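Shown next, in structure tokens, is the structure this report addresses.
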Amino acid sequence: MKKVLFFLFWLLISLKSFEQSGTDESISQKLDEYISSANAVNKFNGTALIAEKGEILLEKGYGSKNVLTHSIHDTNSVFQIGSITKSFTAVVILRLQEEGKLSVYDRLNKFFPDFPNADKITILNLLTHTSGIHDYTDIISEEDSAIVCYPVTRERVLDAFKDKGQIFKPGKKFEYNNSGYFLLGMIIEKVTGGQYEAVVRKMIFDPLGMTNSGFDYKNLKDSNKAQGYIVLNKDSMRTNQTVDSTVYFSAGAMYSTVGDLYRWSKAIANHQLLSDSSWQEAFIPYKDKYGLGFFIDSLFGKRFVRHSGGLLGFTSEFLFYPKEDVTIILLNNVGDYGNSLFPAATGVSSIVFGLPYRNWKQPAGIKINPEILRRYVGLYALNTEHKLKVSLENGKLFILDTNPKDMLPKVQLYAETENTFYMKEAQLRFEFILDADNNSLKIVTYNSSGKDAAWIRVK
1 MKKVLFFLFW LLISLKSFEQ SGTDESISQK LDEYISSANA VNKFNGTALI
51 AEKGEILLEK GYGSKNVLTH SIHDTNSVFQ IGSITKSFTA VVILRLQEEG
101 KLSVYDRLNK FFPDFPNADK ITILNLLTHT SGIHDYTDII SEEDSAIVCY
151 PVTRERVLDA FKDKGQIFKP GKKFEYNNSG YFLLGMIIEK VTGGQYEAVV
201 RKMIFDPLGM TNSGFDYKNL KDSNKAQGYI VLNKDSMRTN QTVDSTVYFS
251 AGAMYSTVGD LYRWSKAIAN HQLLSDSSWQ EAFIPYKDKY GLGFFIDSLF
301 GKRFVRHSGG LLGFTSEFLF YPKEDVTIIL LNNVGDYGNS LFPAATGVSS
351 IVFGLPYRNW KQPAGIKINP EILRRYVGLY ALNTEHKLKV SLENGKLFIL
401 DTNPKDMLPK VQLYAETENT FYMKEAQLRF EFILDADNNS LKIVTYNSSG
451 KDAAWIRVK
């Protein structure tokens, strides 16, 4: 739900394959073993569905749905899917455009005459995260439990960001923005005269038979409902607080199952709900490769459309390769904004496409004297845009990417040897190269297929 995290490991692994020796195992078995390995090292706890050309290769649950009730995940588990909601909101907007009720080129002042700079902001800007308006989730968040855990009016949320001013000129650049999609939901209600949730159900859920999807997760009475966990492993457990759906609204309030989202994927593949031209319009990449409710990019030379979702306690990944007709759906009930399922989806893609891969394995960390770790503190550059900052805090080594577009949060590095380290968030290793006097010269990064890049120390 917060700003989408373009992790450094996207930069490092998206152009590289995983490595695994060839076997005679079926693709389904390989997928099961791969996702089981991710579950074993706390990288996935939820339900997965992978399909190719109309055939479901894997549909299975992994891990705990609810620790207190001792229930485990199965194919019926229900999850909050966060910002994947945005894809549904965008499709409703395109449907209303087909019906002549609005145009993506309409100005915001047509619907909100008093909104600042509304004459300069289009619906297209809202759809493509190029409006420059302030993101309300920077103001209203889970920490405000007295507000977010109870129903709020549309106007209450609107007032939170309406007068915060422009961050940049509309259309100037991409900055992931939940306020834009909140406004789109309000526009849908103004144009149709109905509740956003009811409109989505009528236009999308009902025609596709998505009977296990909805919006009010907090009040959902369903034994298949997954409990969200910010932390869940053998050492600790911390549950989330369920935010009221009126807060996330059309930017991130949906819940669903892998089965329902597969129906959604087939609708995309078969150009249901919208005309061919509208689907083509949805998949035109604008700034930062974002279309209308979808990211459009490629992996291993294969074009995909995708969206992820992230709330405290839930992460999700929807990935569809149109030409290959491959769908990857991963729904997870553990995590926070610093987590992503895209590394796991990348490994799944490798298996489906017959590329090298490697199952997840967490190396055992060792303790290193802080005085040795101090050698590595500094700034390392890959190029003028991408730099890594290494810091030592309370005897622990941390790394972050200084490029705001990468948005790599500060993560801890764990030692394999005195000068090689790994991060738990992805299968990445970092080797510090020293000179004869034990001064750090550079970092060499490795992904699952070997050496990737060298980052030269500049400070």
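Residue numbers (my numbering): 1 to 459. By construction, the Cβ of each residue, glycine as well, lies at the ideal position given by its N, Cα and C atoms. Note that the coordinates shown come from a computational prediction; the quantities given were computed from them, not determined experimentally.
Only residues of its own chain outside the window of five on either side were considered, and among them 210, 212, 213 have a CB closer than 7 Å to the CB of residue 260, listed in chain order.
Sorting 51, 30, 135 by C-alpha distance to the C-alpha of residue 322 places 51 at the top. Note: residue 401 is bridge-paired with 388 in the DSSP secondary-structure output. Boundaries of the beta strand (DSSP E) around residue 380: 378-381.
When DSSP states are grouped into helix, strand and coil, residue 186 belongs to the helix group.
Given a length threshold of 4 residues, each whole run of the alpha helix (DSSP H) inside the region 225-299 is given here in chain order: 245-252, 258-269, 276-282. Counting of Cβ neighbours within 10 angstroms places residue 113 among the exposed residues, the total staying below 16. With contacts defined as CB atoms closer than 8 Å, residue 217 and residue 181 fail to qualify as a contacting pair.
Pairwise C-beta distances place the region 261-271 in contact with the region 322-331, as three or more of them are shorter than 8 Å. With contacts defined by Cβ atoms closer than 8 Å, residue 42 and residue 62 do not form a contacting pair. By the Cβ rule, the region 226-245 does not count as touching the region 290-303, because fewer than three pairs are nearer than 8 Å. Remark: three or more beta-carbon pairs, one from each stretch, lie closer than 8 Å, so the region 93-109 and the region 122-129 are flagged as touching. Scanning 372, 384, 380, 174 for the CA closest to the CA of residue 396 turns up 372. Between residue 401 and residue 388 a beta carbon distance of about 6 Å is seen, short of the 8 Å cut, so the two are scored as contacting. Boundaries of the alpha helix (DSSP H) harbouring residue 94: 85-98, taken from the DSSP string.
Judged by beta-carbon spacing, residue 337 lies beyond the 8 Å limit of residue 49, meaning their Cβ atoms are not closer than that value. For residue 290, same chain residues with a beta-carbon under 7 Å away, outside a window of 5 residues either side, are 128, 129, 174 in chain order. Counting C-beta atoms within 10 angstroms of its own C-beta, residue 151 has fewer than 16 neighbours from the protein chains shown and is therefore classed as exposed.
Here the alpha carbons of residue 445 and residue 379 stand approximately 15 Å from one another.
For residue 436, no alpha helix (DSSP H) segment is defined, and its DSSP state is neither H nor E. Under the three-state reduction of DSSP output, residue 345 falls in the helix class. Setting aside the 5 residues that flank it on each side, residue 163 is surrounded in the same chain by 116, each with a C-beta closer than 8 Å to its C-beta; the list follows chain order.
Residue pairing by DSSP puts residue 307 in a beta bridge opposite 318.
Distance from the Cα of residue 250 is smallest, within the candidate group 184, 312, 257, 240, for 184. Within its own chain, the residues whose Cβ lies closer than 8 Å to the Cβ of residue 170, once the five positions on either side in sequence are excluded, are 117, 120, 121, 122, 125, 130, 131, 132, listed in chain order. Judged by beta-carbon spacing, residue 351 lies within the 8 Å limit of residue 34, meaning their Cβ atoms are closer than that value.
Look at residue 71 here: in three-state DSSP terms it is strand. Look at residue 30 here: in three-state DSSP terms it is helix.
Residue range 123-127 is occupied by the alpha helix (DSSP H) that includes residue 123. Of the candidates 285, 278, 243, 242, the residue whose Cα lies closest to the Cα of residue 97 is 278. Per DSSP, residue 152 is not a residue of any alpha helix (DSSP H), being assigned neither H nor E. A straight line joining the alpha-carbon of residue 177 with that of residue 138 spans about 10 Å.
Restricting attention to 159, 110, 428, the CA atom closest to the CA of residue 134 is found in 159. With a 10 Å radius around the Cβ and a threshold of 16 neighbouring Cβ atoms, residue 374 comes out exposed. A check of alpha carbon separations from residue 241 across 161, 360, 149, 36 identifies 149 as the nearest. Following the DSSP letters along the chain, one finds residue 411 inside the beta strand (DSSP E) bounded by residues 411-415.
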